[in-house]
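Trainee:
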Amino acid sequence: MAYMMRRALLLGTLSVTASVYLYAAESLVPNSVVDDDHAYESVIHYDEALKGYVIGEGWKITGDIRMGYVDYDYSNPPSLASDTINKGHIDSRGFYVIPKISIASPTYEGFSFKITGARATDFGLNDRDYESRNFVFDPTERKSFAILQEAYVRYQSQSKAHEVVVGAKETVTPMVDADDWYMLANSFQGAYYVNRSFSNLTLAGGYFYKMAGVWDSGANGTEWHSMSDASFVDGGYKKVGGDEGVWTAALQYSKDAHTLQVWNYYMQDYYNTFFAQYDYKGEASGFTYDAGFQLIDFQGVGGLKDYYRDVLGGREIDYSIYSLRLDTKHESGFDLSLDASFYTDGDGTGDTLGAWGGYPYFANGMIFHFFEAGSLRNTNSYKAQVGYDCAKQGIDGLWVGFRYTYFDLDPDYSISSLNGKGQDAQKNYGLRVSYNDPSGLYFTGTYEFVDLDEQKDISGLRLIGGYRF
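In the numbering used here, the protein residues as written are 312 to 780.
(1) Is DSSP giving ILE396 helix, strand or coil here?
(2) Mind checking which residues open and close the alpha helix (DSSP H) that includes LYS767?
(3) If I follow the unbroken beta strand (DSSP E) through ALA736, where does it start and stop?
(4) Is LEU562 buried or exposed, if buried means 16 or more other CB atoms sit within 10 Å of its CB?
(5) Can you look up VAL551 in the DSSP assignment and give me helix, strand or coil?
(6) With DSSP as the reference, label ARG453 as helix, strand or coil.
(7) Just tell me which of GLU452, LEU512 and ASN387 has its CA closest to the CA of ASN257.
(8) Work out the CA separation of LYS550 and CYS701 for me, nearest whole Å.
(9) Are the Cβ atoms of GLY669 and GLU627 separated by less than 9 Å?
(10) Below 6 Å CB to CB, which residues in the same chain sit around LYS694 once its five sequence neighbours on both sides are set aside?
(11) Could you tell me how far apart the beta carbons of THR395 and SER728 are, in whole angstroms, since I believe they sit closer than 8 Å?
(12) Taking only the alpha-carbon atoms, compute the straight-line gap between TRP370 and PHE598 and give it to the nearest angstrom.
(13) Determine, using beta carbons only, whether GLU759 and HIS400 come nearer to each other than 9 Å.
(14) Start and end of the beta strand (DSSP E) containing ASP656?
(15) Between ASP723, GLY698, LEU763 and LEU339, which lies nearest to ASN739 when the distance is taken from Cα to Cα?
(16) Between the segment 411-421 and the segment 523-534, are three or more C-beta pairs nearer than 8 Å?
(17) Which of the three DSSP states, helix, strand or coil, is assigned to LYS471?
(18) Less than 7 Å between C-beta atoms, sequence neighbours within five positions excluded: which residues of the same chain meet that for PHE679?
(19) SER498 lies in the beta strand (DSSP E); which residues open and close that run?
(20) Quick one: is ARG779 buried, meaning 16 or more other Cβ sit within 10 Å of its Cβ, or exposed?
(21) Would you report the Cα separation of LEU426 and THR373, rounded to the nearest angstrom?
(22) Which residue comes first and which comes last in the beta strand (DSSP E) that contains SER403?
(23) Tell me whether the beta-carbon of GLN460 lies closer than 9 Å to the beta-carbon of GLU442.
(24) Going by DSSP, what residues sit across from GLU594 in a beta bridge?
(25) Taking the C-alpha atoms as reference points, what is the distance between ASP491 and VAL483?
(26) Using only the alpha-carbon positions, how far apart do TYR334 and GLY363 sit?
(27) Give the secondary structure of SER390 by DSSP, where H, G and I count as helix, E and B as strand, and everything else as coil.
(28) In chain order, what residues of the same chain lie with their CB nearer than 7 Å to the CB of TYR357, ignoring the 5 residues before and after it?
(29) Quick one: residues in its chain with C-beta nearer than 6 Å to the C-beta of PHE653, no 5 flanking neighbours on either side, listed in chain order?
(30) List the endpoints of the continuous beta strand (DSSP E) containing GLY517.
(31) Could you tell me the alpha carbon to alpha carbon distance between PHE543 and TRP667, rounded to whole angstroms?
(32) Answer yes or no: do PRO282 and ASP707 have a C-beta to C-beta separation smaller than 9 Å?
(33) Residue range of the alpha helix (DSSP H) that GLY428 falls in?
(34) Let me confirm a value: LEU623 is counted as buried when at least 16 other C-beta atoms fall within 10 Å, else exposed. Which label applies?
(35) Does ASP440 come out as helix, strand or coil in the three-state DSSP assignment?
(36) Who pairs with ARG465 in a beta bridge, going by DSSP?
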């Protein structure tokens, strides 16, 4: 069981993640680096990121007023919706406003406190028929909602070698992740401990019991649900398996150019996830680069393993993902990201991928990923991305990039819902423009087109921006 996060370069990724003026979630292990597709957060503690408003004796109010328009075209309009077209995903679009306000206390004898409230609303402007896959409201209720996202106590020793956090919090780890790709990040109820008393080594462990998050939850993400209920495993087993949380243990070793992270996530009667990643970072002739290797393994355990075998006819969760990365950035402002992920020939991808917000896989699309193809079992995926930091042209905070992701599918497992034929490939073409200003203004515009075998065309547009204070 263990961790160690990635990447200090943010190479070939969104410039939005590079700005210290952004904030949202916080990495469980400080000084580790998050998945490069966190589109609207930099995982920096709010006290370091924003001035906010001081309201006496060190108490501070910070906020994020976010607005966005999303449009997902599955060639399947509501009026003619078919379950056979793109797995029954229905064309969806809408405009939303999400205000988020936090109150943070000063530190007393090592203790501090924070609460965060958020609301998601469309002011009644959207067509409810077009909101089933906008990932803002619950896809069934499709109503505005408010939620207490954070309410936690933190203790940090004077030397900062020991840290304990208890409560509800937007937290980032590789496989349990706040995942701020959409309008509102995930948050988790639980507790964790971090030990930084050893040179070059960080140890951590914790327990996540409940989750809130619309896109990444298998339950109603506008409300708090147990981690087992929020998982993507078979719904029949959730009814008999009972509520469980996720035990997490982590190790991170960093020295000079080397970084190693190891994590394990365990649920007694659901499944176990092992995550390991090594990165080597360096510089040469005007280039900085990050070469990485990643292993993720999923295994069904306990009651879930028995249920899948005995009730679901021999199904099981048993597969691994191996990934490679070479990301580089030149002093001229150009960056290049070359990544590949290889899925073994084992079952369970649909039950686990993306659960609880974890998207650390190297070869992702910009909007669409594994949930469009029939299955990623025995798939190879490849990503090539080129970007440019416009600071070299005098426009600080502006980044533009193009990404091509190719999924080499196995037609024996990836079956089209349209005609029952096997799917050989999914090709994603994505374009992104990101801007962040020191004043707190930010914007990210993303368009992606999907060419998926044996299905009608898919495309997505997300225009999301706001102001942080």
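Glycine residues also receive a C-beta, built at the ideal position from the N, C-alpha and C atoms.
Mentor: Well, looking at it:
(1) Assignment of ILE396 by DSSP, reduced to helix, strand and coil, places it in the helix class.
(2) Neither: LYS767 is in no alpha helix (DSSP H) and is coded neither H nor E.
(3) 736-747
(4) buried
(5) helix
(6) coil
(7) The displayed coordinates of the chain run from 312 to 780. Any statement about residue 257 would go beyond what the structure contains.
(8) 52 Å
(9) No, they are not a contact pair.
(10) ASP650, ALA674 and THR716
(11) 5 Å
(12) 43 Å
(13) no
(14) It is not in any beta strand (DSSP E) - ASP656 carries neither H nor E in the DSSP assignment.
(15) LEU763
(16) Counting Cβ pairs under 8 Å, fewer than three are found: no touch.
(17) coil
(18) Once the five neighbours on either side are set aside, the close Cβ partners of PHE679 are ASN739, GLU759, VAL761, ILE769 and GLY771.
(19) 498-509
(20) ARG779 is buried by the Cβ-count criterion.
(21) For clarity, residue 426 is Ile in the given sequence; the question names Leu instead. Computed Cα separation, rounded: 10 Å.
(22) From DSSP, the beta strand (DSSP E) with SER403 extends over 403-415.
(23) no
(24) THR599
(25) 10 Å
(26) A caution first: TYR334 carries a pLDDT of 46, below 50, which makes its placement in the model unreliable, though a value can still be read off. TYR334 and GLY363: Cα-Cα distance of roughly 12 Å.
(27) helix
(28) Residue placement at TYR357 cannot be trusted, given a pLDDT of 45 that sits under 50; the coordinates are not used to answer.
(29) TYR633 and ASN691.
(30) Note, GLY517: beta strand (DSSP E), 512-523.
(31) About 9 Å.
(32) In the structure as shown, the chain starts at 312 and stops at 780, and residue 282 therefore has no counterpart that could be examined.
(33) Where GLY428 is concerned, there is no enclosing alpha helix (DSSP H), although the beta strand (DSSP E) it sits in stretches over 422-431.
(34) exposed
(35) The three-state reading of DSSP puts ASP440 in helix, counting H, G and I together.
(36) Paired residue(s): SER423 and VAL476.
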